[in-house]
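Okay, so here's the structure we're looking at.
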Ligand code: ADP
Ligand code: MG
Ligand code: MG
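In this note's numbering, the protein residues as written are 119 to 598.
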């Protein structure tokens, strides 16, 4: 049966005085355990403010949570195969490349390193995150929103969060509820991917390079990886550099190694480089190409990044495509089951039909360009406006059309920096992300596992819920 609202873990509202007191405790807990971010309005490296979070864990059906967790290794392997299928990537991205300069630039790097014979023989590291919303009209079963292959964030912060929720539940006298909160070891799991890649690289004095933005607002999430690795593997050195610094400070030696400060780089972990603004000049693109040409294990490699495009997601939903990669067995059916309607907007007959269908019923769809990082999709009337404009232009091939998923509501308190205390009870919806780690070459997979989860909850009437964008809030699942 479809449920329009999932029951919260404790009866709401919480009595005013108690609420004020636990919100204050939760904020201090969050600040003192690094559930934080830098303030975009008043950026200052000396201070960190709380990241927006949901006070109590949000309800999520146990069967759907388990389904997503169990599917992760299957999806990791699928994406690994997709990334190593040159013909498939070429055919799938062809039309979008003509009109999308950013994807075309990534693609050109891939072509270059392929011609040089590099990409295929090398190890890639994937720190992936598959995202889901529940579809209310389909018995709250999960549907995949997207699959992230680059800079999948919030593994660290959401690993910290359940401890806060447990503390708050105890304060409220609901300590026995804690058993319904799943363990989350995303941080250690993601770090184990980085260190395993380092070990496979096999050069003991090599370093690990994090590629970062000019200004990192989501600093806690990034630093925790660094701190965790430094604590568990003190011999490893981690360096943070922007693409521009990589352009200026690195070279490739005669062994093909990327060299920084006279040391070979074993692993390059991108927390930047997923959107056009992060490549303001040709220097950043040159840096990306240099890294790609080197023997360093890239997280992600350029072909992993291309496999994570929305266009590939849409192509995987076409008849026969999953079978091509996975055969016709049960895992294929399980993957198909999480797909929702995905349509190409290519300049052909089926693209034409999709355009007409979306113009006729805009509320049913989301229009998505080949972009990452949130805030790029179009909804409602904007879908119609954009499609009317692009109807007769090849430009539309840069987008895909996706059926809009309408999740059930949950009630909760969102705690934001600088907001009034206590917050009101609000209608929210949650998006689940499952983290996966994979390491392999075209021919051999060395490691493939599910390593944890994150829940991100937004106001029910917001289209998107980016936490860094200030719309969403970090959360933990409470399994029903
Ligand atoms: P990005 O790579 O920019 O994160 P997403 O595909 O995840 O792109 O879209 C951003 C957000 O938009 C999602 O987190 C979700 O809140 C919303 N969204 C995306 N696709 C859908 C959909 N099909 N139905 C409902 N909401 C969606
Ligand atoms: Mg994404
Ligand atoms: Mg997303």
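All C-beta atoms in this analysis are idealised placements derived from N, C-alpha and C, irrespective of residue type, glycine included.
Per DSSP, the continuous alpha helix (DSSP H) segment holding residue 309 begins and ends at 304-319. Residue 583 counts as buried, since no fewer than 16 other beta carbons sit within 10 angstroms of its beta carbon. DSSP places residue 264 in the uninterrupted beta strand (DSSP E) bounded by 259-266. Each residue's CA atom was taken as its position, placing residue 413 and residue 376 some 7 angstroms apart. Rounded to whole angstroms, the separation of the alpha carbons of residue 465 and residue 544 is 43 angstroms. Per DSSP, the continuous alpha helix (DSSP H) segment holding residue 404 begins and ends at 400-411. Residue 159 carries a coil assignment under DSSP once its states are collapsed to helix, strand and coil. Rounded to the nearest angstrom, the gap between the Cα atoms of residue 146 and residue 260 is 34 angstroms. Sequence-distant Cβ neighbours of residue 211 in its own chain, meaning closer than 8 angstroms and more than five residues away, are 221, 225, 424, 427, 429, 430. In this structure, DSSP gives residue 571 an extended state, which the three-state scheme calls strand. For residue 331, the CB stays at least 6 angstroms from every heavy atom of ligand 2. Straight-line measurement puts the Cα of residue 592 at about 19 angstroms from the Cα of residue 182.
In this structure residue 433 does not touch residue 457 by the C-beta definition: roughly 11 angstroms separates them, more than the 8 angstroms allowed. Ligand 2 approaches residue 266 closely enough that one of its heavy atoms is under 6 angstroms from the residue's Cβ. The DSSP-derived three-state label of residue 557 is strand. The residue from 526, 473, 515 with its alpha-carbon nearest to that of residue 506 is 473. Residue 422 sits away from residue 269, with the two beta carbons spaced by 7 angstroms or more. Going by beta carbons, residue 459 and residue 521 fall inside the 7 angstroms limit.
Restricting attention to 229, 273, 133, 258, the CA atom closest to the CA of residue 568 is found in 273. Close CB contacts of residue 206 within its chain, under the 7 angstroms cut and outside five residues either way in sequence, are with 200 (chain order). When the five nearest sequence neighbours on each side are left out, the beta carbons in the same chain lying within less than 6 angstroms of the beta carbon of residue 513 are those of 217, in order along the chain. In the structure shown, residue 139 falls within a helical segment according to DSSP collapsed to helix, strand and coil. With a cut-off of 8 angstroms on Cβ pairs, the segment 169-184 is in contact with the segment 126-138, counting three or more such pairs. Taking each of 539, 551, 509, 188 in turn and checking the Cα distance to residue 144, the smallest one comes out for 539. Counting of Cβ neighbours within 10 angstroms places residue 159 among the exposed residues, the total staying below 16.
Distances between the C-beta of residue 258 and the heavy atoms of ligand 1 are all 6 angstroms or more. For residue 338, there is no enclosing beta strand (DSSP E); the residue is found in the alpha helix (DSSP H) stretching over 337-350. Residue 527 sits close to residue 578, with the two beta carbons spaced by under 7 angstroms. DSSP places residue 461 in the strand class (E or B) of the three-state scheme. Between the beta-carbon of residue 535 and that of residue 168 there is about 5 angstroms, and that keeps the pair under the 8 angstroms contact cut. Scanning 359, 324, 310, 350 for the CA closest to the CA of residue 331 turns up 359. Comparing alpha carbon positions, the residue from 290, 186, 323 closest to residue 553 is 186.
Among the bridge pairs identified by DSSP, residue 591 is matched with 575. The beta-carbon separation of residue 594 and residue 283, rounded to 5 angstroms, stays under the 8 angstroms limit for a contact. By alpha-carbon distance to residue 324, the top candidate from 334, 379, 289 is 379.
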